[in-house]
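See below for the structure under consideration.
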Amino acid sequence: MADKQKKIYVAGHRGMVGSAIVNQLNAAGFQNIVVRTHAELDLTNQAAVREFMQQQKPDQVILAAAKVGGIHANNVYPAEFIYQNLMVEANVIHQSWAIGCTSLLFLGSSCIYPKLASQPMTESALLTGTLEATNEPYAIAKIAGIKLCESYNRQYGTDYRSVMPTNLYGQNDNFHLENSHVIPAMIRKFHDAKTTPSATVTLWGTGRAMREFLHVDDMAAACLHVINLSKEVYQSSTEPMLSHLNVGTGEDVTIRELAETIQKVVGFKGEIVWDSDKPDGSPRKLMDASKLKSLNWKPQIGLVDGLTNTYHWFLDHQSEFKAQ
């Protein structure tokens, strides 16, 4: 049985994934969860992170903090994306080792894989090809985080693990009209068209591209499952220099199918117009999560239920997004 008194530091607890992890830790009865806001602790500040870790000495660290954004933000601020993410990872991982904390979970991203990786993408696709140019700095930083964990494991015998999620959605997502990802953007567009009202909603591309989506509560559950695996089980399922695990559903849908599902969930009765002059992006991005499923984890939240829950959360918090 897990020690409910152990001190767990969750970095990035206000983000979509970090907040879901904290909620599940609380629900499971863990009573010693440590969190800090960015105003309280700047994770890019080496001295501040050293002081914090020396004072708190957590037994376990979950590194969900990151600078994230869509294509536009990645293109405009590449230096910020690579610098801030590298600094956060280096500071938190190194200072975890420095205080003798041997248990850490690092959260990455599916963008670590080559742009033209074979589908579905297996863990072994890492570093086998050229990255997608629009988010290369972010991807490089996330790859570095994996390699930091592996290097400390190899040299110091720590038990630092990495998980790579597919596209996530759910409560605490970003519903900004310009800067959000596909699911929150569609929810916002369909809702605004329903309440305006408008007869049409225009979406980018042809709708033929395929994408995989995982609810954030499933991702949080996967994180806790992975970090609680025995060291022997985790190591037997990975390799010293290929130690990350994919997290996904193993199923994808077309963007058109996704849009029609969200249309029904929101209750928009009008027409969807596809602007085929706009890009579709990669034709397919599907994760191979068979390794994690072999370790007795599988997602529990279907897409329709997950979208319904997300829309209800948006309705409860829509006043926060009206000015965006």
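If you're matching positions, the sequence shown starts at 259 in this note's numbering and goes up one per residue.
Even for Gly, the Cβ is constructed at its ideal location relative to N, Cα and C.
None of these values were measured; they are calculated from a predicted model.
For this session: Out of Glu347, Thr512, Thr360, point me to the one whose CA is closest to Ala397's CA.
Result: Glu347
Problem set entry | Unbroken stretches of the alpha helix (DSSP H), 4 residues or longer, contained in the region 442-518 | 474-485, 489-495
Exercise. Just the Cα atoms here: how many angstroms apart are Asn411 and Arg514?
Worked result: 43 Å
Exercise. What does DSSP give as the partner residues of Leu426 in its beta bridges?
Worked result: Leu472
Exercise. What does a CB cutoff of less than 7 Å around Ala517 pick up in its chain, not counting 5 residues either side in sequence?
Worked result: Met444, Leu461, Gly465, Ile530
Exercise. What separation, rounded to the nearest whole angstrom, lies between the Cα atoms of Thr454 and Ala286?
Worked result: 42 Å
Exercise. If you follow the beta strand (DSSP E) that Gln318 is part of, which residue opens it and which one closes it?
Worked result: 318-321
For this session: Measure the alpha-carbon distance for His439 versus Ile357 and round it to whole angstroms.
Result: 37 Å
For this session: Give every residue of the same chain whose Cβ lies closer than 7 Å to the Cβ of Trp355, excluding the five residues on either side of it in the sequence, and list them in chain order.
Result: Tyr410, Tyr414, Thr416
Problem set entry | Inter-residue CB distance, His271 and Gly366 (contact presumed, cutoff 8 Å) | About 18 Å; that fails the 8 Å criterion.
Exercise. In this structure, what does DSSP give as the bridge partners for Ala269?
Worked result: Leu321
Exercise. Under the rule that 16 or more other beta-carbon atoms within 10 Å means buried, what is His473, buried or exposed?
Worked result: buried
Problem set entry | Whole-Å CB distance - Leu553 paired with Ser488, under 8 Å assumed | Between Ser488 and Leu553 the Cβ distance is about 10 Å, and since that is not below 8 Å, they are no contact.
Exercise. Do His279 and Ala322 have their C-beta atoms closer together than 8 Å?
Worked result: The question names His, yet the displayed sequence has Ile at residue 279. Closer than 8 Å, so yes.
Exercise. Hey, is Gln377 close to the ligand MN, as in C-beta under 7 Å from one of its heavy atoms?
Worked result: This structure simply doesn't include the ligand MN, nor any ligand for that matter.
For this session: Please go through the region 369-428 and give each complete beta strand (DSSP E) segment of 3 or more residues, from N-terminal end onward.
Result: 417-423, 425-427
For this session: Give me the Cα-Cα distance between Ser376 and Met477, rounded to the nearest whole angstrom.
Result: 23 Å
Problem set entry | Range of the contiguous beta strand (DSSP E) that encloses Ile530 | 529-533
Exercise. Can Lys543 and Ser368 be called in contact, C-beta distance under 8 Å?
Worked result: yes
For this session: Go ahead and pull the three-state DSSP assignment for Lys262.
Result: coil
Problem set entry | Outcome for Met259 when other beta-carbon atoms lying within 10 angstroms are tallied against a minimum of 16 | Because the pLDDT of Met259 is 45, which lies under 50, any placement of that residue in the model is unreliable, and the number read from its coordinates should be weighed accordingly. Result: exposed.
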